[in-house]
Amino acid sequence: GENVEQHPSTLSVQEGDSAVIKCTYSDSASNYFPWYKQELGKRPQLIIDIRSNVGEKKDQRIAVTLNKTAKHFSLHITETQPEDSAVYFCAARANQFYFGTGTSLTVIP
Amino acid sequence: GAVVSQHPSWVICKSGTSVKIECRSLDFQATTMFWYRQFPKQSLMLMATSNEGSKATYEQGVEKDKFLINHASLTLSTLTVTSAHPEDSSFYICSARDLGTSGLEFFGPGTRLTVL
Chain X
187 GENVEQHPST LSVQEGDSAV IKCTYSDSAS NYFPWYKQEL GKRPQLIIDI RSNVGEKKDQ
247 RIAVTLNKTA KHFSLHITET QPEDSAVYFC AARANQFYFG TGTSLTVIP
Chain S
16 GAVVSQHPSW VICKSGTSVK IECRSLDFQA TTMFWYRQFP KQSLMLMATS NEGSKATYEQ
76 GVEKDKFLIN HASLTLSTLT VTSAHPEDSS FYICSARDLG TSGLEFFGPG TRLTVL
């Protein structure tokens with residue numbers, strides 16, 4: 187099955203700085219790569235996604251890049267704000283989702 | 016956007032009892048629903064894929080006789096944790112795939128199960 191690895195597991199940045207989270211996947215059949223933000227005790231919220239026919243996608247302060255050859259994709263958050271603090275999960279899907287292990291992001295005011 | 020509900024939102028039960036969790040897609044039809052389990056400070060682990068009108072497909076290591084899944088209609092899937100034990104205490108989250116929106120998946124709010 188698919189194996190999704192995510193790094194780092196924890197990340198602290200100063201407000202206004204950028205944050206980058208990276209994921210790798212193993213199944214070349216995976217063709218959809220969403221990123222979720224999860225606050226404690228709540229459901230994951232989709233923040234951005236990318237499909238395998240696209241290399242980069244941007245939505246305001248959030249961007250995702252995908253390198254299909256290397257089987258890795260990354261989340262970039264610019265101009266971070268304290269409300270960006272949460273756990274972020276990447277996922278890869280061929281038929282089912284497989285989630286990364288999560289990154290706890292703390293934005294220090 | 017598409018809404019997925021889960022009921023109950025939290026449940027406390029005694030060891031040995033069974034607990035049923037419902038997952039409903041409220042404004043779209045979902046031929047496929049997924050059940051995840053999430054332990055504190057850990058990632059979501061896919062337990063099983065639930066297809067309407069057919070048997071669920073379980074991930075390796077998930078006991079199908081312990082976690083019974085029924086997907087009787089296009090808007091409802093249920094997960095029953097049978098003979099629950101304290102180690103089953105977890106956050107259970109369902110998701111539903113909306114074929115009408117290019118296969119986007121929407122998560123339910125989750126059910127916090129505590130087994131005493």
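In order, the protein sequences belong to chains X and S.
Just add 186 to the spot in the first sequence (first one is 1) and you have my numbering.
Just add 15 to the spot in the second sequence (first one is 1) and you have my numbering.
Using N, Cα and C, we set each Cβ at its ideal position, and we do this for glycine too.
By the criterion of a C-beta distance shorter than 6 Å, E191(X) is surrounded in its chain by T210, once the five residues flanking it on both sides are discounted.
No Cβ-Cβ contact shorter than 8 Å links S198(X) with K257(X). Chain-order list of chain S residues neighbouring F285(X): S58 and L59, by C-beta distance under 7 Å. Contact of T46(S) with chain X by beta-carbon distance below 9 Å is absent, the smallest such distance being about 13 Å. Under the 8 Å criterion on CB atoms, I108(S) is classed as interfacial with respect to chain X. The three-state reading of DSSP puts D235(X) in strand, counting E and B together. Nearest CB-CB separation between E120(S) and chain X: below the 8 Å threshold. Bridge pairing for T95(S): K35(S) and L83(S) [DSSP]. In chain X, no part has a C-beta under 7 Å from the C-beta of P23(S); the shortest such distance is about 14 Å.
From the beta-carbon of Q282(X), the residues of chain S found nearer than 7 Å are F49, L61 and T64.
With contacts defined as CB atoms closer than 8 Å, H262(X) and A280(X) fail to qualify as a contacting pair. Distance from the Cα of T126(S) is smallest, within the candidate group D113(S), Y107(S), L114(S) and E120(S), for Y107(S). Under the Cβ criterion (8 Å, minimum of three pairs), the stretch 44-58 of chain S does not count as touching the stretch 232-241 of chain X.
Going by beta carbons, I84(S) and A63(S) fall inside the 8 Å limit. In this structure, the alpha-carbon of F259(X) lies about 10 Å from that of V206(X). Taking the C-beta atoms as reference points, F219(X) is found nearer than 8 Å to A278(X). For L114(S), no beta strand (DSSP E) run applies, since DSSP gives it neither H nor E. Using a Cβ-Cβ cut-off of 8 Å, F275(X) is close to S58 and L59 of chain S, given in chain order. With a threshold of 16 other beta carbon atoms within 10 Å, S216(X) meets it and is buried. P194(X) carries a coil assignment under DSSP once its states are collapsed to helix, strand and coil.
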